[in-house]
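Student: Position 62 (the sequence shown) corresponds to 119 in this note's numbering; numbering is contiguous.
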Amino acid sequence: MTSYRCSVAAAEQPMAGTAAHDRGFLLIEHPGPWGRKALAESRWLPDDVRTTLAARAEDAGVRVQLIRRPGATPRGDGFRVFLANTSPGARWLAATVLEDPAELLTLALGTLDAGAPEGFALEDGPLFLVCTNGRRDVCCAERGRPIAAALASAYPAETWETTHLGGHRFAGALLTLPAGLSYGRVDPDSAVEIARASASGHVVAPYLRGRTAYDGAVQAAEVELLDRLGLTAIDALALVASEVVGAHTIVTFRHAGGEASVRVTAIDEPPMRQSCADEVEKPSTAWRVD
Numbered sequence: 058m059t060s061y062r063c064s065v066a067a068a069e070q071p072m073a074g075t076a077a078h079d080r081g082f083l084l085i086e087h088p089g090p091w092g093r094k095a096l097a098e099s100r101w102l103p104d105d106v107r108t109t110l111a112a113r114a115e116d117a118g119v120r121v122q123l124i125r126r127p128g129a130t131p132r133g134d135g136f137r138v139f140l141a142n143t144s145p146g147a148r149w150l151a152a153t154v155l156e157d158p159a160e161l162l163t164l165a166l167g168t169l170d171a172g173a174p175e176g177f178a179l180e181d182g183p184l185f186l187v188c189t190n191g192r193r194d195v196c197c198a199e200r201g202r203p204i205a206a207a208l209a210s211a212y213p214a215e216t217w218e219t220t221h222l223g224g225h226r227f228a229g230a231l232l233t234l235p236a237g238l239s240y241g242r243v244d245p246d247s248a249v250e251i252a253r254a255s256a257s258g259h260v261v262a263p264y265l266r267g268r269t270a271y272d273g274a275v276q277a278a279e280v281e282l283l284d285r286l287g288l289t290a291i292d293a294l295a296l297v298a299s300e301v302v303g304a305h306t307i308v309t310f311r312h313a314g315g316e317a318s319v320r321v322t323a324i325d326e327p328p329m330r331q332s333c334a335d336e337v338e339k340p341s342t343a344w345r346v347d
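(1) Counting Cβ pairs closer than 8 Å, one from the region 142-150 and one from the region 205-222, do we hit at least three?
(2) Does the pairing of the region 286-295 with the region 255-272 give three or more beta-carbon distances under 8 Å?
(3) If the criterion is Cβ atoms closer than 9 Å, does the pair D116 and L186 meet it?
(4) For the region 96-107 against the region 168-181, are there 3 or more C-beta pairs whose distance is under 8 Å?
(5) Check the C-beta distance from A141 over to P235 and give it rounded, since I have them as a contact under 8 Å.
(6) Can you list, in chain order, the residues of its chain with a C-beta nearer than 7 Å to that of A270? Leave out the 5 residues immediately preceding and following it.
(7) So, using beta-carbon positions, are A304 and A277 closer together than 9 Å?
(8) Please confirm whether G74 and V321 have their CB atoms less than 9 Å apart.
(9) What number of angstroms, rounded off, separates the C-alpha of D284 from the C-alpha of A254?
(10) May I have the straight-line CA-CA distance separating T168 from S60, to the nearest angstrom?
(11) Out of V308, G229, L155, V154, which one is the CA nearest neighbour of N190?
(12) For E86, which three-state DSSP category applies?
(13) Looking at the structure shown, is E336 part of a helix, part of a strand, or coil, going by DSSP?
(14) Would DSSP call D157 helix, strand or coil?
(15) So R125 and E218 are in contact, right, with Cβ under 8 Å, and what is the actual spacing, rounded?
(16) Return the CA-CA distance between H225 and D347, expressed in angstroms with no decimal places.
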């Protein structure tokens with residue numbers, strides 16, 4: 058095993074604006090083992106289910122995550138499935154239990170804006186998803202599993218281990234649903250702090266990578282304005298506009314005191330090995346917010 062740890066190498070890289078850009082999420086309970094490409098390499102899902110589900114999810118703009126309870130918790134009858142829409146102002150989280158993996162192909166993934174599909178029950182949330190897939194990246198396992206254990210102790214019903222959330226170099230990685238808030242460089246103590254804040258409708262800005270419903274520039278703008286204005290409520294900022302002007306993006310949010318606009322510029326970061334298993338250095342993007 059390589060001694061290189063991408064999360065150590067990237068310790069000084071800016072995190073704001075680096076969350077994956079996904080509005081919808083499909084979570085499938087699957088105890089594993091998980092491969093490096095968890096859905097594509099799943100031994101439990103039949104080939105036709107894997108390929109068809111992946112194609113339909115991509116067409117619908119839905120990210121598929123495999124989930125399991127921390128530790129060796131046995132699964133009961135059937136398997137849990139969650140759907141989430143993270144769109145601000147229209148977000149929801151819903152769950153069901155399926156018996157046969159083939160039933161996954163009956164899900165209407167392209168109708169998230171219409172609300173939870175038939176057969177799903179709305180959930181209050183939040184859920185806490187911790188990336189722990191060591192087959193994908195060693196940092197996710199080494200940093201993620203202690204986080205999952207700490208969260209499971211404090212919030213057992215809400216905590217799940219999950220597959221790749223994006224951005225190994227920012228491990229430990231934590232996602233809250235249905236808000237779609239992606240956090241990085243989390244440890245067990247800060248994870249519990251984030252969970253406690255999330256349960257009361259707040260964010261913890263120092264660990265926030267971004268809101269997955271937004272693209273990177275808007276994510277970075279929101280993180281900066283939360284910090285600049287001293288805001289912590291999940292819905293403290295409402296997106297008004299995002300406009301590309303030359304090499305910049307002008308982002309405007311509304312808040313209780315009025316409106317605030319910032320100029321966001323993409324900055325090329327020096328190439329680096331972005332995953333522990335990478336052999337080639339790759340460029341990455343950071344964001345400057347003025």
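Positions of the beta carbon are idealized from the N, C-alpha and C atoms, including for glycine.
Tutor: Walking through what the data contain:
(1) no
(2) yes
(3) The residue you call residue 116 lines up with position 59 of the sequence shown. The residue you call residue 186 lines up with position 129 of the sequence shown. Their beta carbons are not under 9 Å apart, which means D116 does not touch L186 by this criterion.
(4) no
(5) Indexing the sequence shown from 1 puts residue 141 at position 84. Indexing the sequence shown from 1 puts residue 235 at position 178. Sure, about 4 Å apart at Cβ, within 8 Å.
(6) Numbered from its first residue, the sequence shown carries residue 270 at position 213. Within the same chain, A270 has close Cβ partners R80, T143, S144, P145, G237.
(7) In the sequence shown, the residue the question calls residue 304 occupies position 247. In the sequence shown, the residue the question calls residue 277 occupies position 220. Contact flag unset, no.
(8) For this step, residue 74 is matched to residue 17 along the sequence shown. For this step, residue 321 is matched to residue 264 along the sequence shown. Yes, the pair counts as a contact, with Cβ atoms nearer than the cut-off.
(9) Your numbering for residue 284 matches position 227 in the sequence shown. Your numbering for residue 254 matches position 197 in the sequence shown. Going from the Cα of D284 to the Cα of A254 covers about 15 Å.
(10) In the sequence shown, residue 168 corresponds to position 111, counting from 1. In the sequence shown, residue 60 corresponds to position 3, counting from 1. Each residue's Cα considered, the two are about 45 Å apart.
(11) Residue numbering aside, residue 190 sits at position 133 when the sequence shown is read from its first letter. Nearest C-alpha to N190: G229.
(12) Position 29 of the sequence shown, counted from the start, is the residue given in the question as residue 86. Strand.
(13) For the purposes of this step, residue 336 is taken as the residue at position 279 of the sequence shown. Three-state result, E336: coil.
(14) Sequence index remark: in the sequence shown, residue 157 carries index 100 (1-based). Correct three-state label for D157: coil.
(15) On the sequence shown, residue 125 is found 68 positions in, with the first residue counted as 1. On the sequence shown, residue 218 is found 161 positions in, with the first residue counted as 1. About 5 Å separates the two Cβ atoms, so the contact holds.
(16) For this step, residue 225 is matched to residue 168 along the sequence shown. For this step, residue 347 is matched to residue 290 along the sequence shown. Rounded to whole angstroms, H225 to D347 spans 27 Å at the Cα level.
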